[in-house]
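J.:
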Amino acid sequence: MAEILVLVDHVDGEVKKVTFELLTLARAYGDAAAVWVGPGYEGAKDKLAEYGVSKVYVAADEELTSYVVAPKVELLAQLVADRSPAAVFVAATGEGKEIAGRLAVRTESGVLTDVVGLADGFVGEHSIFGGAIVTHAKVTKGTPIIAVRPNSTAPEASPSTPEEEQVSVTLSDAAKGARVVEKVVQEKGERPELTEAAIVVSGGRGVGGADNFKLIEELADSLGAAVGASRAATDAGWYPHTFQVGQTGKTVSPQLYIAVGISGAIQHRAGMQTSKTIVAINKDSEAPIFELVDFGVVGDLFQVAPQLTEEINKRK
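Residues 1 to 316 (the UniProt record's numbering) are what the sequence shown spells out, left to right.
(1) Please name the residue, chosen from V116, L79, A87 and V73, that lies closest to V105 on a Cα-to-Cα basis.
(2) I need the straight-line Cα distance from S222 to I312, nearest angstrom please.
(3) In its own chain, which residues sit with a C-beta less than 7 Å from the C-beta of Y67, not counting the 5 before and 5 after it?
(4) Quick one: grab the DSSP three-state call for G206.
(5) Taking the CB atoms as reference points, tell me whether F290 and G296 lie closer together than 8 Å.
(6) Just how far apart, CA to CA, sit A87 and N282?
(7) Between which two residues does the alpha helix (DSSP H) harbouring A32 extend?
(8) For the putative contact between E3 and G30, defined by C-beta atoms under 8 Å, what is the C-beta separation to the nearest angstrom?
(9) Can you tell me whether R315 is buried or exposed, with buried defined as 16 or more other CB within 10 angstroms of its CB?
(10) Which whole-angstrom value is the C-beta distance of L301 and G261, which I expect to be below 8 Å?
(11) Going by alpha carbons, who is nearest to Y239 out of I258, A225 and E217?
(12) Compare the C-alpha of E196 against each of V148, A157 and R205 and name the closest.
(13) Leaving aside the five residues before and after G271 along the sequence, list all residues of the same chain whose C-beta is less than 7 Å from its C-beta, in chain order.
(14) For H268, count neighbouring Cβ atoms within 10 angstroms of its own Cβ and tell me buried if that reaches 16, exposed if not.
(15) In whole angstroms, what is the alpha-carbon distance linking V35 and G101?
(16) Name the one or two DSSP bridge partners that F295 has.
(17) May I have the straight-line CA-CA distance separating A259 from T135, to the nearest angstrom?
(18) Report the rounded CA-to-CA distance for V169 versus V56, giving the unit in angstroms.
(19) In angstroms with no decimal places, state the Cα-to-Cα distance between D173 and E21.
(20) With DSSP as the reference, identify every bridge partner of residue 354, one or two as the case may be.
(21) For the region 141-157 against the region 76-93, are there 3 or more C-beta pairs whose distance is under 8 Å?
(22) For the alpha helix (DSSP H) that D235 lies in, which residues bound it at each end?
(23) Start and end of the beta strand (DSSP E) containing V310?
(24) For V134, report the span of its beta strand (DSSP E) as first-last.
(25) Of the choices V184, G203 and K276, whose alpha-carbon is the least far from that of D12?
(26) Find the nearest neighbour of A154 within the set L308, V123, E14 and A28, judged by alpha-carbon distance.
(27) If you draw a straight line from the C-alpha of V123 to the C-alpha of N212, how long is it?
(28) Would you call K214 buried or exposed, if buried means 16 or more other Cβ atoms sit within 10 Å of its Cβ?
(29) Buried or exposed, going by whether 16 or more other CB atoms sit within 10 Å of the CB of G52?
(30) When you compare only the Cα positions, how much space is there between K141 and A305?
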């Protein structure tokens, strides 16, 4: 089977969950070949092997992470030219989509971004126009460059003993045009990262104020979930904008999405409608969110949310 290159998304050697999703997806269509850029590989190699990697291309030179995305693009372009893979998979994050676009230009190939499903022939599925339409697209030129949305594929372990190959690339002057001068580690809480979480609980205008978001946080914590918010809630200053779910915020595709006090405006739906199971709590039975849900609760969130949290905690 032909190789499918998977760019490993990691921070200082800690591999992000989306990489395991990409490796699982790659195994369905070819041999999953991971591409590791930067230091930290030794501490992560066993985890990559757990998800069926057939080969790992290791570019451990720290210089490759001393600049923004261009070095990764040049390394991938070199591997595409030398190895002729069937496709290249990256995570559809902000950085990943930039890498995908640049790589497509560099290799004169087609690119698909924000893919939520994949079929034979690397036909990508997309959810567009705020989720009103599902489309399918296929690359017709060059090597398919595919950016897959996190949580689109359930990661499945398949232990392997991958071959390792050390690779290097001579960076062009253009790739060194923007250097990373400082890295600041963002303080992480106990909750999972929003775009990678398996469960997300989001609050909206119906929450009524910043203090009331405690109800959303308590429900999320009972489920081990991430907390999200609608644009109305973040614009009102009730919750930080970094937690906004929607067309102008973050796109999430968890296994379970609970919308509390969210009416379901098209802007919000665009960011969460690919969730596997959607539950809504809203006192307005005519709220648009109920057109989308798998389960709906018509009721006062100030009564329903605490009762739900209490019941979940009882069953732990």
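Even glycine gets a Cβ: it sits at the ideal position worked out from N, Cα and C.
T.: This is what the structure holds:
(1) Comparing C-alpha distances from V105 to each of V116, L79, A87 and V73 shows the shortest one belongs to V73.
(2) For S222 and I312, the distance between alpha carbons rounds to 6 Å.
(3) Once the five neighbours on either side are set aside, the close Cβ partners of Y67 are A175, K176, A178, R179 and V180.
(4) Of the three classes helix, strand and coil, the one that applies to G206 here is helix, per DSSP.
(5) In this structure, F290 lies near G296, with their beta-carbon atoms less than 8 Å apart.
(6) Near 44 Å, if we compare the C-alpha coordinates of N282 and A87.
(7) Per DSSP, A32 lies in no alpha helix (DSSP H); the unbroken beta strand (DSSP E) holding it starts and ends at D31 to V37.
(8) Confirmed, Cβ separation roughly 6 Å.
(9) Under this definition R315 is an exposed residue.
(10) Taking 8 Å as the upper bound for CB-CB distance, L301 and G261 are in contact here, some 5 Å apart.
(11) Nearest option by C-alpha distance: E217.
(12) That would be V148, whose Cα lies nearest to the Cα of E196.
(13) Excluding five sequence positions before and after G271, the CB atoms of its chain that fall closer than 7 Å to its own CB belong to V245, G246, Q247, G249, K250, T251 and V252, given in chain order.
(14) With at least 16 other beta carbons inside 10 angstroms of its own, H268 counts as buried.
(15) Here the C-alpha atom of V35 lies approximately 17 Å from the C-alpha atom of G101.
(16) Note: F295 sits in a beta bridge opposite V279.
(17) Looking at the backbone, the Cα of A259 and that of T135 are separated by about 26 Å.
(18) Distance between the alpha carbons of V169 and V56: 16 Å.
(19) Whole-angstrom Cα-Cα distance: 34 Å.
(20) No information on residue 354 is available, as it lies outside the stretch 1 to 316 that the chain covers here.
(21) Result yes; three or more Cβ-Cβ pairs closer than 8 Å.
(22) R231 to D235 is the span of the alpha helix (DSSP H), which, as asked, contains D235.
(23) A small fix is needed here, since residue 310 is Glu in this sequence, not Val. Unbroken run through E310 is the alpha helix (DSSP H), L301 to K314; no beta strand (DSSP E).
(24) Run containing V134: I133 to K138, per the beta strand (DSSP E) assignment.
(25) Comparing alpha-carbon positions, the option among V184, G203 and K276 lying closest to D12 turns out to be V184.
(26) Of the candidates L308, V123, E14 and A28, the one whose C-alpha sits nearest the C-alpha of A154 is A28.
(27) The straight-line gap from Cα to Cα measures roughly 44 Å.
(28) K214 should be labelled exposed.
(29) By the Cβ-count criterion, G52 is buried, with 16 or more other Cβ atoms from all chains shown falling within 10 Å of its own Cβ.
(30) Their backbone Cα atoms lie some 51 Å apart in a straight line.
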